[in-house]
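Working notes, structure below.
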Amino acid sequence: MNLTDDEQKNFLYLEKGFAGEVQFDLYTEKIQSKPLILNDLLLKSNNSNLQIDSTLMFPKTIYLFEVKNFEGDHIYENGNFYTLNGKGKEIKNPLDQLKRIKFLFRQLLQNLGYRYNVEGYVVFINPEFNLYQSPKDEPIIYLSQLPRFMKKLNKLPCQLTKQDQALANKLVALHQTESPYTRIRPYKYEELKKGPTCKTCNSSSLSVCGKKLVCDDCGCEELVESAILRGVGELRLLFPDMKITTNIIFEWCGSAGSKKMIGRILKENLQKMGNKKYTYYE
Ligand SMILES: [Zn+2]
7 MNLTDDEQKN
17 FLYLEKGFAG
27 EVQFDLYTEK
37 IQSKPLILND
47 LLLKSNNSNL
57 QIDSTLMFPK
67 TIYLFEVKNF
77 EGDHIYENGN
87 FYTLNGKGKE
97 IKNPLDQLKR
107 IKFLFRQLLQ
117 NLGYRYNVEG
127 YVVFINPEFN
137 LYQSPKDEPI
147 IYLSQLPRFM
157 KKLNKLPCQL
167 TKQDQALANK
177 LVALHQTESP
187 YTRIRPYKYE
197 ELKKGPTCKT
207 CNSSSLSVCG
217 KKLVCDDCGC
227 EELVESAILR
237 GVGELRLLFP
247 DMKITTNIIF
257 EWCGSAGSKK
267 MIGRILKENL
277 QKMGNKKYTY
287 YE
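Each residue of the sequence shown is one higher than the one before, starting from 7 at the first, in the working numbering.
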C-alpha cells in the first residue's frame with residue numbers, strides 16, 4: 007500500500023532496529039556454553055510495559071541487552087546523546103532506557119519470587135556508529151568490543167538448573183503477544199497492491215520461468231508453488247477472517263500461476279472445505 011512520509015519513516019526506523027537485533031542474535035547463538043536465550047521479550051511489570059531485545063540466562067546471573075542500530079557520528083554530552091550531522095538533535099538516551107528495563111525486570115523477578123543478579127548493556131551494533139566523548143564507566147558495548155565480550159560469556163559456567171528453566175518458561179508464558187508499541191493503521195484488502203513479490207527483496211517485478219519465479223531486481227528464484235503458499239500465509243496474517251479461495255489467491259498472487267494450478271496447490275497443501283462454488287481452504 008502507499009505509505010505517508012511519516013509512516014514510511016517509521017517503517018524504515020523499525021526495520022533498521024529489527025535488523026540490528028537480528029545481527030546481535032547471530033552473536034548470542036554462537037555462545038557454546040548454551041545459556042537460555044530469550045529474544046524480544048515483551049513483559050509487564052508493575053503495570054509498565056517492558057521490552058527487552060535480548061535476554062541471556064546463566065545460573066545466578068541474567069544479562070539484558072538493549073540493541074541499537076544507530077549509524078553515523080554522535081556525541082555524549084552532559085549525560086545526553088546527540089547526533090552530530092545536521093542540527094545535532096538530542097536522541098532518546100539508550101542508557102536511560104536500559105536503566106528502566108533493569109529496574110522493571112528486577113521488580114518482576116522479585117514479584118515472581120526469584121533471586122538473580124541482573125546485568126544490562128547497551129549494544130551499538132552498527133559498524134558505522136561512532137560516539138564522541140564516549141563515557142568509560144557506562145555499560146556500553148561497541149561492535150569492536152563484542153567478540154571479546156562474547157568470549158567472556160563463553161567462559162562463564164553454565165550448568166542450568168530446573169529453577170532456571172522454570173523461570174525461563176514463566177517469562178515466555180508472560181510474554182505479551184499483542185504489542186502496545188505496534189500501532190498498525192487500519193487497512194482494507196481493496197487498497198493493497200496485488201501480485202507476487204520477491205521473497206528476498208520484496209520487488210514486484212518478477213518473471214515466470216517454468217515452475218519458478220525469478221526476480222528481475224535481485225535474481226532470486228522461488229518455486230511458484232512456494233510463492234503461492236507464501237501468499238496464502240500473507241493473507242492469513244493480514245486478514246485472519248478471510249476465506250481462502252482459488253479466486254482470492256489468484257488475485258492476490260497475480261500472474262504467478264493459472265487458476266487451475268493455484269486450485270491444485272491449495273488442494274494439495276490445505277484442507278478443502280465446502281463444495282463447488284462455495285469451496286474454500288483452511
Ligand atoms: Zn528480489
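C-beta: ideal position from N, C-alpha, C; glycine also.
Note that the coordinates shown come from a computational prediction; the quantities given were computed from them, not determined experimentally.
In the DSSP assignment, residue 120 falls outside any alpha helix (DSSP H) and carries neither an H nor an E. In this structure, the beta-carbon distance from residue 65 to residue 165 falls below 9 Å. Out of 130, 267, 79 and 101, the CA that lies nearest to the CA of residue 216 is found in 267. Within its own chain, the residues whose Cβ lies closer than 6 Å to the Cβ of residue 259, once the five positions on either side in sequence are excluded, are 202, 234 and 237, listed in chain order. Residue 68 counts as buried, since no fewer than 16 other beta carbons sit within 10 angstroms of its beta carbon. Nearest neighbour of residue 174 by Cα position, chosen from 26, 155 and 44, turns out to be 44. The set of residues with CB atoms less than 6 Å from any heavy atom of ligand 1 reads, in chain order, 204, 206, 207, 209, 221, 223, 224 and 226. Burial check for residue 262: the Cβ neighbour count within 10 Å reaches 16 or more, so the residue is buried. The distance from the Cβ of residue 99 to that of residue 87 is about 6 Å, consistent with a contact at the 8 Å cut-off. If only uninterrupted beta strand (DSSP E) runs of at least 3 residues are considered, those enclosed by the region 23-70 are 42-51 and 54-63. Rounded to the nearest angstrom, the Cβ distance from residue 144 to residue 90 is 19 Å, too far for a contact under 8 Å.
Around the Cβ of residue 75, a 10 Å sphere holds 16 or more other Cβ atoms; the residue is buried.
Rounded to whole angstroms, the gap between the alpha carbons of residue 150 and residue 129 is 11 Å. If you check the CB distance, residue 70 and residue 111 come in under 9 Å.
A residue is called buried when at least 16 other Cβ atoms come within 10 angstroms of its Cβ; residue 141 does not meet this threshold and is exposed. About 7 Å separates the CB atoms of residue 27 and residue 46; that is less than 8 Å, so the two are in contact. Within the region 173-251, the alpha helix (DSSP H) runs of at least 4 residues that lie entirely inside it are, in chain order, 230-244.
A buried status is given to residue 132, since no fewer than 16 other beta-carbon atoms sit within 10 Å of its beta-carbon.
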